[in-house]
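Asks: Right, I'll just put the structure down here and ask away after.
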Amino acid sequence: MGNRVFTIVYLVGLFGAGILRGFYAWPNRRAAVEDDRRTSADTLLLIPASFGLGILPILYAFTPWLDFADYAIPAWAGWIGVVLFVFALWLLWRSHAHLGRNWSPRLQLRPDHRLVTEGMYRYMRHPMYSAHWLWALAQPLLLHNWIAGPALIVTFLPLYVYRAPREEQMMLERFGAGYRDYLKATGRLWPRRSRSCDSDRGARTVESRNSKSEIRNNSEARNRK
Ligand code: SAH
Numbered sequence: 001m002g003n004r005v006f007t008i009v010y011l012v013g014l015f016g017a018g019i020l021r022g023f024y025a026w027p028n029r030r031a032a033v034e035d036d037r038r039t040s041a042d043t044l045l046l047i048p049a050s051f052g053l054g055i056l057p058i059l060y061a062f063t064p065w066l067d068f069a070d071y072a073i074p075a076w077a078g079w080i081g082v083v084l085f086v087f088a089l090w091l092l093w094r095s096h097a098h099l100g101r102n103w104s105p106r107l108q109l110r111p112d113h114r115l116v117t118e119g120m121y122r123y124m125r126h127p128m129y130s131a132h133w134l135w136a137l138a139q140p141l142l143l144h145n146w147i148a149g150p151a152l153i154v155t156f157l158p159l160y161v162y163r164a165p166r167e168e169q170m171m172l173e174r175f176g177a178g179y180r181d182y183l184k185a186t187g188r189l190w191p192r193r194s195r196s197c198d199s200d201r202g203a204r205t206v207e208s209r210n211s212k213s214e215i216r217n218n219s220e221a222r223n224r225k
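What follows is the structure in structure tokens.
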């Protein structure tokens with residue numbers, strides 16, 4: 001088995017990410033859903049991804065079953081993995097904190113769903129998926145095994161390719177021009193640096209559209225009373 005230190009870093013991170021998910025998922029567990037876009041393909045794609053992220057690494061760490069596929073890399077490469085992994089966990093935490101009640105593990109919209117454009121969402125549309133990609137890149141540097149190491153790269157790719165465009169379509173249908181501005185102002189997985197001024201302007205536009213629609217919704221509600 002490869003370097004134990006890096007395996008332990010991975011397991012601690014996996015456990016921490018589980019706690020983080022639970023912490024943010026718990027208050028949402030009974031929140032109403034207005035638009036539910038779950039599909040069986042989406043559900044099926046989640047299964048290999050959970051193997052890639054959790055089951056295979058755990059088998060690698062606690063059983064000798066995958067030992068035949070071990071490889072060795074220099075320690076400095078492992079430490080690069082640690083840095084990437086810590087950054088992935090930080091990004092996961094920040095995106096959860098910013099999405100708050102608007103987060104759901106599947107493609108769903110709440111009745112009072114708000115388009116979040118602050119924090120990491122000011123610069124990119126999918127920081128949580130970026131965190132998963134960073135995690136996937138860190139994994140082979142931490143778990144030195146040809147099966148457990150690249151497992152998330154292989155299993156997250158189809159989920160991401162399937163989900164990201166559908167999620168953007170769902171948001172576009174819900175938030176219309178506000179989301180179209182947001183699309184122009186932000187990068188998908190990485191900040192759109194060359195248009196940072198536009199990005200600020202776009203984010204402000206979306207914020208103002210958000211608040212305008214909140215004002216409109218409030219006044220409509222008042223009129224109905
Ligand atoms: N793709 C995002 C969020 C993943 S969680 C990311 O990678 O950070 C998926 C859910 O988040 C979707 O069902 C959608 O309801 C919600 N969501 C995604 N982007 C959002 C945004 N900018 N504002 C509010 N909710 C958002």
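The numbers in this note's numbering rise by one with no breaks, and the one at position 77 of the sequence shown is 77. By construction, the Cβ of each residue, glycine as well, lies at the ideal position given by its N, Cα and C atoms.
(1) Does the beta-carbon of Glu167, which I'm using as the reference point, lie nearer than 7 Å to any heavy atom of ligand 1?
(2) In terms of residue numbering, what span does the alpha helix (DSSP H) encompassing Asp148 cover?
(3) Smallest Cα separation from Arg29: which of Leu141, Gly149, Gln169 and Gly100?
(4) Looking at the unbroken alpha helix (DSSP H) that takes in Ala61, where does it start and where does it end?
(5) Answer yes if the segment 101-119 comes into contact with the segment 136-146, meaning at least three C-beta pairs across the two stretches below 8 Å, and no otherwise.
(6) What would DSSP say about Leu107, mapped onto helix, strand or coil?
(7) When you measure from the CB of Tyr121 to every non-hydrogen atom of ligand 2, does any distance come out below 7 Å?
(8) Quick one: is the Cβ of Ser50 within less than 7 Å of any heavy atom of ligand 1?
(9) Which of the three DSSP states is assigned to Asp181 in this structure?
(10) Counting only the same chain and skipping the five closest in sequence on each side, list residues whose C-beta sits under 7 Å from that of Glu220.
(11) Quick one: Cα of His96 to Cα of Val86, how far?
(12) Rounded to whole angstroms, what is the Cα-Cα separation between Arg191 and Ile8?
(13) In its own chain, which residues sit with a C-beta less than 8 Å from the C-beta of Arg38, not counting the 5 before and 5 after it?
Replies: Working from what's here:
(1) Mapped onto the sequence shown, residue 167 falls at position 167. Yes, Cβ of Glu167 sits closer than 7 Å to a heavy atom of ligand 1.
(2) Position 148 of the sequence shown holds residue 148. The residue asked about is misnamed: residue 148 is Ala in this sequence, not Asp. No alpha helix (DSSP H) holds Ala148; DSSP gives it neither H nor E.
(3) Position 29 of the sequence shown, counted from the start, is the residue given in the question as residue 29. Ranking Leu141, Gly149, Gln169 and Gly100 by Cα distance to Arg29 puts Gly100 first.
(4) Here residue 61 is taken as the residue at index 61 of the sequence shown, counted from 1. Leu56 to Phe62 is the extent of the alpha helix (DSSP H) around Ala61.
(5) no
(6) One-based indexing of the sequence shown puts residue 107 at position 107. Leu107 falls in the coil class under three-state DSSP.
(7) Ligand 2 is not part of this structure, which contains only ligand 1.
(8) Position 50 of the sequence shown holds residue 50. No, the beta carbon of Ser50 sits no closer than 7 Å to any heavy atom of ligand 1.
(9) Looking up residue 181 in the sequence shown gives position 181. Residue state, collapsed to three classes: helix.
(10) Here residue 220 is taken as the residue at index 220 of the sequence shown, counted from 1. Legend: pLDDT at Glu220 = 44, less than 50; position of this residue unreliable, no value from coordinates given.
(11) Position 96 of the sequence shown, counting from 1, holds the residue named residue 96. Position 86 of the sequence shown, counting from 1, holds the residue named residue 86. When rounded, the distance between both Cα atoms is 15 Å.
(12) Numbered from 1 along the sequence shown, position 191 holds the residue referred to as residue 191. Numbered from 1 along the sequence shown, position 8 holds the residue referred to as residue 8. It should be pointed out that residue 191 corresponds to Pro in this sequence rather than to Arg. Rounded to whole angstroms, Pro191 to Ile8 spans 31 Å at the Cα level.
(13) Along the sequence shown, read from residue 1 onward, the residue named residue 38 stands at position 38. These residues qualify, in order along the chain: Arg106, Leu107 and Gln108.
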